[in-house]
Amino acid sequence: MTVYAVLVTFASLWMAKQAYSWFPPEAAAEAKLLDDLFSLFTGLGTFIYLGVIGPFIYSLIFHRAEKYDLSDGPDIEGNTWLEIIWTVTPLILVVTLSFVSYRTYEKMSIRGPMELVHLHMPQMVEPAYAEPFDSTPQQEIQEAVETSPIEEIDVVAKQWAWIFHYPNQDVTSTELHLPVDRRVRFKLHSEDVLHGFYVPAFRLSQYVVPHEDIDFELTPVKIGTYRLRDSMYSGTYFAANQTDVVVQSASDYQQWLADAAAQTPTPAFNPANYEYSQVFEPGSGNTKDKVAVRGWATIPPAPPPVVNYAPKHEPESPPV
Amino acid sequence: MTNISIEAPEVVRGQPYPGAPDNWKRFFTFSTDHKVIGIQYIVTSFVFYLIGGLFAMIMRGELITPEADLVDRTVYNALFTMHGSVMLFFWTFPVLVGLGNYLVPLMIGARDMAFPRLNAVSFWMIPIAGILMMSSFLVPGGPSQSGWWAYPPVSLQNPTGNLINGQVLWILSVAISGVSSIMGAVNFVTTICRMRAPGMTWFKTPAFVWAVLAAQLIQLYGLPALTGGAVMLLLDLTIGTSFFNPEGGGNPILYQHFFWFYSHPAVYVMVLPAFGTFSEVLPVHARKPLFGYRVIAASSLIITVISSAVWVHHMFASATPSWMRMFFMVTTMLVAIPSGVKVFGWVATVWGGKIRFTTPMLFALGGISNWLFAGITGIFLGSAPIDLHVHNTYFVVGHFHYVLYGAIVMAIYAAIYHWFPKMTGRMYYEGLGKLHFVLTYIGTALIFLPMHPLGLMGMPRRVASYDPEFAYWNVVASIGGFLLGLSTLPFILNMVSSWIRGEKVGNNPWRAYGLEWLTSSPPTVENFEETPIVISGPYGYGRHQPLVEHAPNPGLTDFPESFTKQPSS
Ligand code: HEM
Ligand SMILES: [Cu+2]
Ligand SMILES: [Cu+2]
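Those protein sequence lines, which keep their order, are chains A and B. My numbering numbers the first residue of the first sequence as 2 and each following residue consecutively. My numbering numbers the first residue of the second sequence as 1422 and each following residue consecutively.
What follows is the structure in structure tokens.
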């Protein structure tokens, strides 16, 4: 019994550690917060799972009926103390988990401007929850998250393309470029249906709702190239509605903006458009011809976006 | 023990159905016998299960490689839409209604459901609605491609311009099945509240009956919201109103509230009868009373109440304000408590029992272990920040398939095997049953476990193609999927051949303690010749106390001596 409890504890700690390796790189301050939370959930979840499944399997192995034993087991109906314990323990547990989740959510402060007022202007009515609950290692993250956004980027989602507009330089792009260690505020717009703005490396997603402007904030902290995916099913070419997110040093980023601003807008390659045109003009020896079963009509994709900057993809490279 | 007559059993034991054919043909009639209707539901929905399963196999075939190369994207989108819709509306709901129909009157000592004709009408709407949904494969634009949520504005986009299109047929079909469910719910609630045998107080009522009652109460409060939302969607789609269409100033998020207000609780409409099944099967095959029976019974109703206030956890990533995210995060997590109480009760029931690994027992045990896992990932999803990462990824697909397949479908199999001798008077083949269990359990783990890491890595659900980094786990999942497809073969073989020539067993081969086992197998037309008078609670294993005052079917004698109270002297 005690041995099993010790084993379960170790297994839970081990799983909590492992949990970090199940994710893409932590490319945003929010990602670190989320991974800590997830690790906590994994540890406790493992503990509960093993704590219940162990006795369960034990009884299945050791409390089996003898071959010709047709008698009944002991007539035990219940046990009030046991039942109270196993109601109250989960209650405490879920209240704790809710509370910790709430704190993490507060720290991420991904919400729109109305709600951010409190966090960004500490001199205003300051709710108690503003101070970080475990200080040292989290401090940096917290500071990164609490600074005011310095970049504003308009994000336009449509069937099926992402377009990013940098209002200060009036640059448009189909690839999202972000400066590292700077808080960014996005204004999300959709031109047609619901889309989902989702960068797994940032651990954040948010629906983009037609005719509604949604503010969304985050802080990239790691240089690299990540994937932005549409998380909300948006119709025929939904799966192809992806693009790259390039997190760069501040100077590279400024350079990129300047270069892009110097370019004249041209139509960018768009996988949805490309596939659509292949279905209707087949025969050019491309992947689309290998599809075994052809389907039904679809609404035509919007025309390819006209932007200053588009990644130089060959037609073959996007996942079709 | 007094044998009353030798003739009586002859009349009682057959399957005479006055005025109706006395063979398999009765299953194709407008029968009002709850037992015939129960089997009609079960068999019909099983056919849809196979159809939905076929769609799933094709989807797993597509996903075995990163490219969209097996089927076109439009076909893939139609397949996942139809898969989800068929599995929920034409398999899980109806098969559970079928089990409830068969069992509830027998378990509470009633002769039939409260409204037998309404019952028959409810059933016949199911094949009609199902065929309507399938017929959308034949209309020009093909089936609906907007997912089983049918979120606008995607569901309002109509590339063909025809008035009759897949989406319209889909809405009509779902509406018909909804009306059928409402009628069924009225019938169940009335039957359970008004027709329990004398002496069967609430705390003498089996846990399965409690669970069915709790589930059907959800139908009564929830379905009107879904139906209202569906009608508004239909109007938007056909005559161009703008309830949900942003083009005309409508609000697509409003639809999500209508939809999830019903569709979250709907998962409990499905899982509660599954819990009820676990609560019935374990005591019989572990030969112990259900541990904490009263709490387990009551927790079903608590789930009904709490689950009416959690729906926004499906909308954390919509334009949902923070206070709402936080409020619904807490309510969602609270559901874990009544669910947890049940799991602990089941573990305590097998603890120290005299366990026999029969096929129904294996399915029940496997189902409970899967439910435990699914419940824990459910807590993860309930946490708003975690959900913001995994929402609409394969993590969610893994979670709800662990519930739907791992727990609910396993419970359905457990129920079918457990009550098979009751329904047919014959025994299934244990070897085939065990083979079925092993294939199902391994298949479930192989296909649905890998979906969790896929989701954490960021693979969105509903994609026909994906980045190559996701290939490994998808191959594993596809293998598991094909294994699950294979696993249905021994089941079908077993059911068909055992029904025709399985070994004839007595009325109560499990020596189970419960009213449904106090009648012949298969039961006579009106179940009980005399209304049983219940004198003790369910699950009297090891207690040696009679369940009823006198034998409701005098002449049937092969019950454990403890079942009926012997006339004193
Ligand atoms: C402990 C109990 C449960 C909790 C806490 C829970 C929690 C959740 C949450 C928060 C989501 C939303 C995830 C997202 O969309 O990002 C979800 C999705 C889902 N759950 Fe559960 N759940 C529980 C039990 C169940 C049960 C019993 C079922 C079915 C019988 C079920 C079926 C589903 C389904 C079908 C979805 C997906 C909905 C969709 O996105 O289409 N869950 N669950
Ligand atoms: Cu493929
Ligand atoms: Cu839900």
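Ideal Cβ positions, reconstructed from N, Cα and C, are used throughout, including at glycine.
Reducing DSSP to helix, strand and coil, say where residue 156 of chain A ends up.
Note: residue 156 of chain A maps to strand in three-state DSSP.
Distance, residue 1592 of chain B Cα to residue 108 of chain A Cα:
Rounded to whole angstroms, residue 108 of chain A to residue 1592 of chain B spans 42 Å at the Cα level.
Those residues which DSSP pairs with residue 1693 of chain B across a bridge
None; residue 1693 of chain B has no bridge partner.
DSSP three-state call for residue 1767 of chain B: helix, strand or coil?
For residue 1767 of chain B, the secondary structure class from DSSP, reduced to helix, strand or coil, is helix.
Mind checking who residue 268 of chain A pairs with in its DSSP beta bridge?
A:307.
Other residues of its chain near residue 1508 of chain B: CB distance less than 6 Å, five sequence neighbours each side excluded
A distance below 6 Å between beta-carbons, with the five flanking residues on each side excluded, links residue 1508 of chain B to the following residues of its chain, in chain order: 1473.
Contact with chain A by residue 1984 of chain B, beta-carbon distance below 9 Å
When Cβ-Cβ separations below 9 Å define contact, residue 1984 of chain B makes no contact with chain A.
For residue 65 of chain A and residue 1551 of chain B, what's the separation of their Cα atoms in angstroms?
So the two alpha carbons sit approximately 44 Å from each other.
Using 8 Å for Cβ pairs, my map puts residue 1923 of chain B next to residue 1848 of chain B. What's the rounded Cβ distance?
Indeed, because the Cβ distance is near 5 Å, the residues count as touching under 8 Å.
Strictly below 7 Å CB to CB, what residues from chain B border residue 109 of chain A?
Taking the beta carbon of residue 109 of chain A as reference, the chain B residues within 7 Å of it are 1806, listed in sequence order.
Under the criterion of a Cβ to heavy atom distance below 8 Å, does residue 4 of chain A qualify as lining ligand 3?
Incorrect: residue 4 of chain A has no Cβ contact closer than 8 Å to ligand 3.
With H, G and I counted as helix, E and B as strand and the rest as coil, what does DSSP make of residue 182 of chain A?
In this structure, residue 182 of chain A counts as coil in the three-state DSSP scheme.
Taking all protein chains shown into account, decide if residue 1622 of chain B is buried (16 or more other Cβ within 10 angstroms of its Cβ) or exposed.
With fewer than 16 other Cβ atoms from the protein chains shown falling within 10 Å of its own Cβ, residue 1622 of chain B counts as exposed.
What is the C-beta distance between residue 1478 of chain B and residue 1902 of chain B, in whole angstroms, given that I count them as a contact (C-beta under 8 Å)?
Between residue 1478 of chain B and residue 1902 of chain B the beta-carbon gap is near 6 Å, inside 8 Å, which marks them as a contact.
Pick out every residue whose C-beta is nearer than 7 Å to a heavy atom of ligand 3: which are they, in chain order?
The set, ordered by position in the chain, is B:1681, B:1685, B:1688, B:1731, B:1732, B:1734, B:1735.
For residue 82 of chain A, count neighbouring Cβ atoms within 10 angstroms of its own Cβ and tell me buried if that reaches 16, exposed if not.
That one is exposed.
Alpha carbon of residue 1745 of chain B to alpha carbon of residue 1532 of chain B, nearest angstrom:
In this structure, the straight-line span from the alpha carbon of residue 1745 of chain B to that of residue 1532 of chain B is close to 48 Å.
Collapsed DSSP secondary structure at residue 12 of chain A in the structure displayed
Three-state result, residue 12 of chain A: helix.
Three-state class that DSSP yields for residue 172 of chain A in the structure shown
Of the three classes helix, strand and coil, the one that applies to residue 172 of chain A here is strand, per DSSP.
Can you grab the Cα-Cα spacing for the pair residue 1596 of chain B / residue 1674 of chain B, in whole Å?
Going from the Cα of residue 1596 of chain B to the Cα of residue 1674 of chain B covers about 21 Å.
Cα-Cα, which of B:1618, B:1602, B:1445 is closest to residue 1388 of chain B?
This structure gives no information on residue 1388 of chain B, because the portion of chain B shown stretches from 1422 to 1990.
Neighbour flag for residue 132 of chain A against chain B, beta carbons, 9 Å
Confidence at residue 132 of chain A is low in this model, with a pLDDT of 35, below 50, so the placement of that residue is unreliable and no value is reported for it.
Please confirm if the stretch 1746–1766 of chain B is in contact with the stretch 1727–1735 of chain B, defined as three or more CB-CB distances below 8 Å between the two stretches.
Cβ pair count under 8 Å is three or more, so yes.
Should residue 1921 of chain B go down as buried or exposed, given a rule of 16 or more other Cβ atoms within 10 Å for buried?
It is exposed - the Cβ of residue 1921 of chain B has fewer than 16 other Cβ atoms within 10 Å.
Quick test of the definition: if touching needs 3 or more C-beta pairs under 8 Å, does the stretch 1704–1711 of chain B touch the stretch 56–74 of chain A?
Yes, since at least three Cβ pairs between the stretch 1704–1711 of chain B and the stretch 56–74 of chain A fall closer than 8 Å, the two stretches touch.
Members of the stretch 1774–1793 of chain B that neighbour chain A once the beta carbon cut-off is set at 9 Å:
Of all residues in the stretch 1774–1793 of chain B, 1774, 1775, 1776, 1777, 1778, 1786, 1789, 1790, 1793 have a Cβ within less than 9 Å of some Cβ in chain A.
Under 7 Å from the C-beta of residue 88 of chain A: neighbouring residues of chain B
The answer, in chain order, is 1758, 1762.
With a threshold of 9 Å between beta carbons, is residue 1967 of chain B in contact with chain A?
So, not an interface residue.
Tell me, please, whether the CB atom of residue 225 of chain A is closer than 9 Å to any CB atom in chain B?
Any Cβ of chain B closer than 9 Å to the Cβ of residue 225 of chain A would place that residue at the interface, and such an atom is absent.
Could you work out which residue in B:1685, B:1854, B:1693, B:1722 is closest to residue 1914 of chain B when comparing CA atoms only?
Residue B:1854 is the option with its Cα nearest to residue 1914 of chain B.
Does chain B have any CB closer than 9 Å to the CB of residue 233 of chain A?
Answer yes: the Cβ-Cβ gap between residue 233 of chain A and chain B drops below 9 Å somewhere.
Decide if residue 1541 of chain B is buried, meaning its Cβ has at least 16 other Cβ atoms within 10 Å, or exposed.
Burial call: buried.
When the cut-off is 9 Å and only beta carbons count, does residue 1578 of chain B lie next to chain A?
Answer yes: the Cβ-Cβ gap between residue 1578 of chain B and chain A drops below 9 Å somewhere.
Chain-ordered chain A contacts of residue 1866 of chain B [CB-CB under 9 Å]
For residue 1866 of chain B, none of the residues of chain A pass the 9 Å Cβ criterion, the least Cβ distance being about 14 Å.
Run through DSSP, which three-state label would residue 1668 of chain B get?
DSSP places residue 1668 of chain B in helix when its eight states are reduced to three.
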